[in-house]
Structure formats: structure tokens, C-alpha cells
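Student: What follows is a structure written as C-alpha cells; I'll ask about it next.
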Amino acid sequence: MDYNDAVRLEKKYFAQLFDRLPLLITSGKDVYVFDSQGKKYLDIFSGVAVSSVGHAHPAVVKAIKDQAGKLIHASNWVYTEPQLELAEKLTKLTGLERVFYSNDGAGAVEASLKLARSVTGKKEIISMEKSFHGRTFGALSATWSEKYRKPFMPLVPGFKFAKYNDIESLKKEITDDTAAVIVEPILGEAGVIIPDDNYLQQVRELTQKKGALLIVDEIQTGFGRTGEWFEYKRAKIKPDILLLAKGLGGGFPVGAILYSGFDYKKGEHGGTFNGSPLACTIAKTVIEIIEKEKLVVNSKKTGKYLIDKLKGYKTHGRGLMIGLDVDDGKKQALKLIENGLIPIYSGNTLRILPPLTLKREHADNIIRKITEVIPK
Ligand SMILES: Cc1ncc(COP(=O)(O)O)c(C=O)c1O
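Per our numbering, the sequence shown starts with residue 306, numbered consecutively.
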């Protein structure tokens, strides 16, 4: 299949949902992906912050082969080893007590909203302006953008919004009937927007005072993306509920919610595929690679190097989660693709989210390719 075949087939058979980049990607290796003509690109978006350990990491490939030959699926009617081993690993890593799995980010958000309403007996959920939490009905109800919400009204009742990075706004919205406040530590889809240093702490203190749960959505920021294992650790707070996905599976669809001090009632939530042996084996392997290859420190160092070397451009970011403001996001992204780099964009912000395995020489390459085609 060549690129033109792909465009034709997609137009004819596929849901017309996406405004795709002009690329037919056929394979990947570490920080590179290759198109159908063998052209090599530095992947600086990781399939939207997902390919945390790069493409086709040998340990991930081996884990998939070994586990697929043993047991791919069993369901939650029975115990399976990988599910429980990953649960132990995630609780140790996060300091939270219990785990439930999802198959993606939105699934983790849904699980958290149900848990929050169930354990508090309260109805209200407060989310933040400009936030993105996913496309299913609950997650969409917590998502800000009119463009995503409008066609599907009415959404789930009981949701409202406070201004991001504005504790006074949250104080105005929070009430005794607030079950939870859900917050991204850095706004990802909105274009890498970083709040003030003490913002998360202020949200933690306020939710505690008001008896509302704090749901921290680290679906995009988690697992070293920002140069820390998790942003809540940088902020020195403990969420009541933590949401993870994206980088956790390194490309395999899996998410998780972690929480402490309460639990679901039996039968309140579930899903046929949640926490399959294959998904959990892969996620455990990805975490082990991040630990062994010290990718969190690498993300911090290489991200700082990139931002320093992009002096003269308008950048904002942490670790390997970087926004670069330009005059026209789409136009500049297409120029970069021509030049062998694949970013994504949110409005007029290019988003640079490479695999955490990115080395100094790759970073130099990124800087060179950006400066070649994007004016300062
Ligand atoms: C912070 C955040 N939460 C939730 C989601 C939804 O995840 P998914 O697309 O896997 O449903 C995303 C996806 O971009 C995200 O960035």
C-alpha cells in the first residue's frame, strides 16, 4: 500500500473523523518512524505522548511475544499474575493503595468519576477551563472545549468549571456537594500550559478543607514525560485518585486509576478487557525499562537541553513535554514533517513530546531541523 492508496481507502471506508497528517507510517525503531517509502522521521510526538520507551523496544517486543504465547486474556472472573504484579508495582511507585485498570485514558477518567460519586455520596464534579479528559460521556462532561461538547448535549449533569491556575475561581465553585475536583497538573491538549508552582498544593488544601476528593489526571504527564515520575510528586501532594494511561503501555492501550482510603463497592464497575495479562505484562515491562534506563532523569536533562538550545523561540514546557508557539501551528508542523520531524499542534502551539529515550544527538538534530524551517 502506498500513501495514495491509504488516502483513498480511508476516504472510502473509514469514519471521517480525523484531519490526518500526510503520512503513512509503516514501522518504527526507538525515536524514529518510517513511512511507506522508507523515509525516516524523528518522532517528536510519540503518537500523542504515548511511545514512552521508543518504538519496538526489544524488551517490550520480547514481553509481548512471551506473554502472547502464554495467555493474552482471561477476564476478571479469575486471578491472573501479571495483573497483580503490576498492581503491586504501581502502588509502590505512586504511594497509593489500590489499582483498577482501564483500556485507555477516557476509561480511567470514567472509573474515577464513578468512584468519586460512589464513595462521597455527592454529585458535583469540578473540572478546569481548557482541560481535556477524553471523549466518552463522563470524560467529555469534564472536558472544556465547546467543539467537543456541543454536538452531544445534554452531557452528564453535575459538572462545572473553574478557571485553571486560579484558586479563587475554584473557591467560588466548590461547595459542600462537591464530590471531586479533577485537574491536569499541566494542560496537555490545550498546548502545554504550566500553572504556578503552588497551584496543585492550593487545590489539594482546598479540596481537603471542603471534603471533596482530588483527582489528578496524569494521563499525559505521568511516567517521566515532564522529567518527574509524576507531577503530583513534584508538587509534594497526594491525590485521592490518580489517573494514568498513555506512557504506561508504551503504545499498548492500557490505563490505570490508583486511589487510597476508600474503595468501590463490589460490582460497581468493571470491563471485560480491563487489566488483561498481556496489557499488564507490557505495562510492567515499560515501567522496568523507564527505571533501568533512567528515562525520567533523561527526560529532565534532554528536555532542558532542548529548551535552552531553542533560545529565541517562544517555548514552554517541562522535561520532554514542550510547547513551541508559532504563527500557524498546522503550517509549521507540515514544514517540519517535510524536513523529517513529526510534531503535533494545538492551535498555534507545536507540541514536542518525543520518546523518553531521546538522546543528546537526537536533540541536536531536532534543534537543527526546527531552526532550518521555522522562523524565530
Ligand atoms: C490529560 C488527559 N486526560 C485524558 C485523556 C484521554 O485519553 P484517551 O485519548 O486515551 O481516552 C487525554 C488524551 O489526550 C489527556 O491528555
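For every residue, glycine included, the Cβ atom is placed at its ideal position computed from N, Cα and C.
(1) Quick check on DSSP: helix, strand or coil for A550?
(2) Comparing C-alpha positions only, which one of V383, Y453 and L347 sits nearest to L322?
(3) Buried or exposed: where does D545 fall if 16 or more other Cβ atoms within 10 Å of its Cβ makes it buried?
(4) In angstroms, rounded to a whole number, what distance separates the CA positions of K370 and N381?
(5) Answer yes or no: the CB of A540 versus the heavy atoms of ligand 1, is any distance below 6 Å?
(6) How many Å lie between A588 and V559 at the Cα?
(7) For R422, which three-state DSSP category applies?
(8) For ligand 1, any of its heavy atoms closer than 6 Å to the Cβ of Q525?
(9) Using a Cβ distance threshold of 8 Å, determine whether the segment 570-588 contacts the segment 386-400, with at least three qualifying pairs required.
(10) Can you give the beta carbon distance from V486 to A517, rounded, assuming they're within the 8 Å contact cut?
(11) Provide the residue span of the alpha helix (DSSP H) that contains D310, from first to last.
(12) Are the CB atoms of A411 and R440 within a distance shorter than 7 Å?
(13) Quick check: does the Cβ of G624 come within less than 6 Å of any heavy atom belonging to ligand 1?
(14) With a threshold of 6 Å, establish whether the CB of E573 neighbours any heavy atom of ligand 1.
(15) Determine the direct distance from the alpha carbon of P490 to that of K317, and round the result to whole angstroms.
(16) Would G496 and G628 be called neighbours here (beta carbons separated by less than 7 Å)?
(17) Is G493 a contact residue of ligand 1, with contact defined as CB to any heavy atom under 6 Å?
(18) Buried or exposed, going by whether 16 or more other CB atoms sit within 10 Å of the CB of Y686?
(19) Rounding to the nearest angstrom, what Cα-Cα distance links P363 and N644 in this structure?
(20) State the DSSP-derived secondary structure class of L646, mapped to helix, strand or coil.
(21) Kindly indicate which three-state DSSP category E393 falls into: helix, strand or coil?
(22) Tell me the DSSP secondary structure of D632 in three-state form.
(23) Does the beta-carbon distance from D630 to K619 come in below 7 Å?
(24) Please check the pair K435 and I479, which I expect to be a contact at CB under 8 Å, by giving their CB distance rounded to whole angstroms.
(25) Indicate, with yes or no, if ligand 1 has a heavy atom lying under 6 Å from the CB of F437.
(26) Per DSSP, what are the beta-bridge partners of G555 in this structure?
(27) Quick one: measure Cβ to Cβ for K344 and Y337, integer angstroms, because I've assumed they're closer than 8 Å.
Tutor: Considering the structure as presented:
(1) The residue you call residue 550 lines up with position 245 of the sequence shown. If DSSP states are grouped into helix, strand and coil, A550 belongs with coil.
(2) Start at 1 with the first residue of the sequence shown, and residue 322 comes out as number 17. Comparing Cα positions, the closest option is Y453.
(3) Your numbering for residue 545 matches position 240 in the sequence shown. When all chains shown are included, D545 counts as buried.
(4) Along the sequence shown, one-based indexing puts residue 370 at 65. Along the sequence shown, one-based indexing puts residue 381 at 76. If I take the Cα positions, the gap works out to 22 Å.
(5) As a first step, residue 540 is located in the sequence shown; it is residue number 235 there, counting from the start. Because no heavy atom of ligand 1 lies under 6 Å away, the Cβ of A540 does not count as near it: no.
(6) Within the sequence shown, residue 588 is the residue found at index 283, counting from 1. Within the sequence shown, residue 559 is the residue found at index 254, counting from 1. Cα to Cα, A588 sits roughly 8 Å from V559.
(7) Residue mapping note: residue 422 aligns to position 117 of the sequence shown, counting from 1. R422 sits in a helix when the DSSP states are folded into three classes.
(8) One-based indexing of the sequence shown puts residue 525 at position 220. Checking every heavy atom of ligand 1 against the Cβ of Q525, one is found closer than 6 Å.
(9) yes
(10) As a position in the sequence shown, residue 486 is number 181, starting the count at 1. As a position in the sequence shown, residue 517 is number 212, starting the count at 1. Going by Cβ atoms, the distance from V486 to A517 rounds to 6 Å, so yes, they are a contact pair.
(11) As a position in the sequence shown, residue 310 is number 5, starting the count at 1. D310 -> alpha helix (DSSP H) spans Y308 to Y318.
(12) Here the question's residue 440 lines up with position 135 in the sequence shown. Here the question's residue 411 lines up with position 106 in the sequence shown. Contact: yes.
(13) Translated into the one-based positions of the sequence shown, residue 624 becomes position 319. Flag unset: Cβ of G624 not near ligand 1.
(14) If you number the sequence shown from 1, residue 573 lands on position 268. No heavy atom of ligand 1 is found nearer than 6 Å to the CB of E573.
(15) On the sequence shown, position 12 is the one that residue 317 refers to. On the sequence shown, position 185 is the one that residue 490 refers to. Whole-angstrom Cα-Cα distance: 40 Å.
(16) As a first step, residue 496 is located in the sequence shown; it is residue number 191 there, counting from the start. As a first step, residue 628 is located in the sequence shown; it is residue number 323 there, counting from the start. In contact: G496 and G628 (Cβ atoms closer than 7 Å).
(17) As a working note, residue 493 is residue 188 in the sequence shown. Within the cutoff, so yes.
(18) Nothing about residue 686 can be reported from this structure: the residues present for the chain run from 306 to 681 only.
(19) One-based indexing of the sequence shown puts residue 363 at position 58. One-based indexing of the sequence shown puts residue 644 at position 339. If you take the alpha carbons of P363 and N644, they lie about 28 Å apart.
(20) One-based indexing of the sequence shown puts residue 646 at position 341. L646: strand per DSSP, three-state reduction.
(21) As a working mapping, residue 393 is identified with position 88 in the sequence shown. E393: helix per DSSP, three-state reduction.
(22) Along the sequence shown, one-based indexing puts residue 632 at 327. Reduced to three states, the DSSP call for D632 is coil.
(23) Within the sequence shown, residue 630 is the residue found at index 325, counting from 1. Within the sequence shown, residue 619 is the residue found at index 314, counting from 1. In this structure, K619 lies closer than 7 Å to D630 by Cβ.
(24) Against the sequence shown, residue 435 aligns to sequence position 130. Against the sequence shown, residue 479 aligns to sequence position 174. Between I479 and K435 the Cβ distance is about 18 Å, and since that is not below 8 Å, they are no contact.
(25) The residue you call residue 437 lines up with position 132 of the sequence shown. Within the cutoff, so yes.
(26) One-based indexing of the sequence shown puts residue 555 at position 250. In the DSSP output, where bridge partners are listed per residue, G555 has F557.
(27) As a position in the sequence shown, residue 344 is number 39, starting the count at 1. As a position in the sequence shown, residue 337 is number 32, starting the count at 1. In fact, because the Cβ distance is near 10 Å, the residues do not count as touching under 8 Å.
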